[in-house]
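In the working numbering, the protein residues as written are 49 to 452.
Report on the following structure.
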Amino acid sequence: MASQMIKGNTAVIIGAMYAGCDCFFGYPITPASEILHEASKYFPMVGRKFVQAESEEAAINMVYGGASTGHRVLTASSGPGISLKQEGITYLAGAELPSVVVDIMRAGPGLGNIGPEQGDYNQIIKGGGHGNYKTVVLAPNSVQEMCDLTMKAFMLADKYRTPVVVLADAVLGQMAEPLRFPELTIDHKPDNSWAVRGNKETMNNLVTSIFLDFDQLEEFNENIQLKYAEIEKNEIDYEEYMISGENIDDAEIVLVAYGISSRLARSAVDIAREEMGIKVGLLRPISLFPFPSKRIAKLAKKGCKFISVEMSNGQMREDIKLSANCAISDCTDIRLVNRMGGNLIEVKDILAKIYDLADCEKCKVNLAKEYPDKDDDQFDEPYIDSKYKDDMIDEDDVNYQIID
Numbered sequence: 049m050a051s052q053m054i055k056g057n058t059a060v061i062i063g064a065m066y067a068g069c070d071c072f073f074g075y076p077i078t079p080a081s082e083i084l085h086e087a088s089k090y091f092p093m094v095g096r097k098f099v100q101a102e103s104e105e106a107a108i109n110m111v112y113g114g115a116s117t118g119h120r121v122l123t124a125s126s127g128p129g130i131s132l133k134q135e136g137i138t139y140l141a142g143a144e145l146p147s148v149v150v151d152i153m154r155a156g157p158g159l160g161n162i163g164p165e166q167g168d169y170n171q172i173i174k175g176g177g178h179g180n181y182k183t184v185v186l187a188p189n190s191v192q193e194m195c196d197l198t199m200k201a202f203m204l205a206d207k208y209r210t211p212v213v214v215l216a217d218a219v220l221g222q223m224a225e226p227l228r229f230p231e232l233t234i235d236h237k238p239d240n241s242w243a244v245r246g247n248k249e250t251m252n253n254l255v256t257s258i259f260l261d262f263d264q265l266e267e268f269n270e271n272i273q274l275k276y277a278e279i280e281k282n283e284i285d286y287e288e289y290m291i292s293g294e295n296i297d298d299a300e301i302v303l304v305a306y307g308i309s310s311r312l313a314r315s316a317v318d319i320a321r322e323e324m325g326i327k328v329g330l331l332r333p334i335s336l337f338p339f340p341s342k343r344i345a346k347l348a349k350k351g352c353k354f355i356s357v358e359m360s361n362g363q364m365r366e367d368i369k370l371s372a373n374c375a376i377s378d379c380t381d382i383r384l385v386n387r388m389g390g391n392l393i394e395v396k397d398i399l400a401k402i403y404d405l406a407d408c409e410k411c412k413v414n415l416a417k418e419y420p421d422k423d424d425d426q427f428d429e430p431y432i433d434s435k436y437k438d439d440m441i442d443e444d445d446v447n448y449q450i451i452d
């Protein structure tokens, strides 16, 4: 299939349309606004419904209404907007309504800024709303996966009658890469005989999350936990790179990263193996719930050490600790490389942690040569590699012209 340069946010809408999504309800917020813009452009062209709601709360409740009638429904937001949608998301889970929510993460807490971050991990993975619910969570790391995992999200939402979250960061939403368009649309019709369509056939259907009887609500909670267990059994998805295989020295250090951080981590794996001979690999969770806990546990039993690479305060690291059974150890072999506030992790920082964990002194010396530290007084001016300085124009040679 032909490919085209596409922005990550646009790829979400392409994936949704191929998945048969016929309703989008949203409210603009940077860095997710293009998802709404593209939906407003393309959905009406093909007879699908688009509404820009008056607020995030209104949008998520429109999702509830659309999903209740059996439509495939999408909404998208970022940080503060996702927080406002949390009540609606728990209602979707409580009513077992298939739906897809896209979170293009930005830096927080509070208003924060519009830079990339992965600080929504706990909110999304652990369930930011009230009650005993979870959402399936998929984490793309490319524009292609922004499309493909959005399609998969609709499939899983229908299969398990549950809200599914596509969790990406601002870099993935705003970057452009070649996208191979899907070969086919999802043409299967899920069983939505439970839906309320306003006709004779569905007049006795009831979509609700209200259970006034205590025992009935407990039974419902027990049943959805069984559903989550089935999801954990069947839908774990992850990718391994240089961990084991033919002609590969089995990794002794494993980086765990998702989203854009996983691409930086992969670069660090290549450098550490090729230049310094460090036995390091990458485990990339594609599904964050369900999390690849058993695979991490198996690697831990083999004696692997772990480094969590994430743009947060170490939220995923806690799940790695649990997976590696750190309740009975001090977890000193599970390190963290992180940045916050909208800053991207640098490959050199990942390498430094790898070399420290590998106790490789020559690696540290080599790293210092490759990435020399700047003196404090150099921070007054931007750092410029010496090989580019000859091409620069001196500020004194520039003629300024004041334009009224």
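Ideal placement from N, C-alpha and C gives every residue a C-beta, glycine not left out.
With a 10 Å radius around the Cβ and a threshold of 16 neighbouring Cβ atoms, Phe262 comes out exposed. Taking a C-beta distance under 7 Å as the contact criterion, Pro340 and Ile284 qualify as a contact pair. The beta carbon of Ala243 lies closer than 7 Å to those of Ser116, Thr117, Gly118, Thr250 and Asn253 in the same chain, with the five residues before and after it left out.
Non-local beta-carbon contacts of Glu287 in its own chain, meaning distances under 7 Å to residues more than five positions away in sequence, involve Arg332 and Ile334 in chain order. For secondary structure counted as the beta strand (DSSP E) over 3 or more consecutive residues, the stretch 331-409 holds these complete runs in sequence order: 335-337, 353-358 and 382-386. Uninterrupted alpha helix (DSSP H) stretches at least 4 residues long and entirely within the stretch 81-149 occur at 81-90, 104-116 and 127-142, given in chain order. By DSSP's assignment, Pro188 forms no beta bridge with any residue.
Contact fails between the stretch 166-176 and the stretch 225-235, because fewer than three Cβ pairs, one in each stretch, are under 8 Å apart. Closest in alpha carbon position to Gly325, among Phe337, Ile272, Lys342 and Ala299, is Ala299. The beta carbon of Cys411 sits closer than 6 Å to those of Met324 and Tyr403, all from its chain and outside the five residues before and after it, given in chain order. Annotation for Ile326: no beta strand (DSSP E) segment contains it, and DSSP assigns it neither H nor E.
In this structure, Val149 keeps its C-beta atom at 7 Å or more from the C-beta atom of Val99.
The Cβ neighbour count for Gln166, taken over all protein chains shown within 10 Å, is at least 16; the residue is labelled buried. Membership of Gln52 in the beta strand (DSSP E) is indicated by the continuous run Ser51 to Lys55. The alpha-carbon of Ala305 is positioned some 12 Å away from that of Arg383. Cβ neighbours of Lys55 within its own chain (closer than 8 Å, five residues either side excluded): Glu82, Val191, Gly221, Gln222, Met223 and Ala224. As computed with DSSP, Cys71 is found in a beta bridge with Lys97 and Val121.
In this chain, the alpha helix (DSSP H) harbouring Asp263 covers Phe262 to Asn282.
In terms of Cβ geometry, Ile108 and Gly63 do not form a close pair [threshold 7 Å]. In this structure, Ala124 keeps its C-beta atom at 7 Å or more from the C-beta atom of Gly175. Between Leu330 and the set Ser356, Ser88 and Asp70, the nearest pair of CA atoms involves Ser356. Scanning its chain for C-beta atoms nearer than 6 Å, with the 5 sequence neighbours on each side dropped, one finds around Ile291 the residues Ala299 and Gly329, in chain order.
Boundaries for Leu215: no alpha helix (DSSP H) harbours it, while the beta strand (DSSP E) harbouring it runs Pro211 to Asp217, taken from the DSSP string. The Cβ atoms of Pro164 and Ala205 do not sit closer than 7 Å to each other. Of the candidates Pro188, Val185 and Cys195, the residue whose Cα lies closest to the Cα of Tyr66 is Cys195.
Approximately 5 Å separates the beta-carbon atoms of Ala187 and Leu336; this is inside 8 Å, confirming the contact. Asp285 carries a coil assignment under DSSP once its states are collapsed to helix, strand and coil.
When beta bridges are read from the DSSP output, Asp151 appears opposite Ser125 and Leu215. Note that the C-beta distance between Arg120 and Phe202 is below 7 Å. Annotation for Ile77: no alpha helix (DSSP H) segment contains it, and DSSP assigns it neither H nor E. Ala106 places its beta carbon 7 Å or farther from that of Ile152.
With a contact defined as Cβ atoms closer than 8 Å, Ser310 and Asn189 qualify at about 5 Å. One alpha carbon belongs to Phe268, the other to Gly390, and they sit about 40 Å apart. The straight-line gap separating the alpha-carbon atoms of Pro79 and Glu144 is approximately 29 Å. Nearest Cα to Ser131 within the set Ala141, Leu159 and Val111: Leu159. One Cα belongs to Ala50, the other to Ala59, and the distance between them is close to 14 Å.
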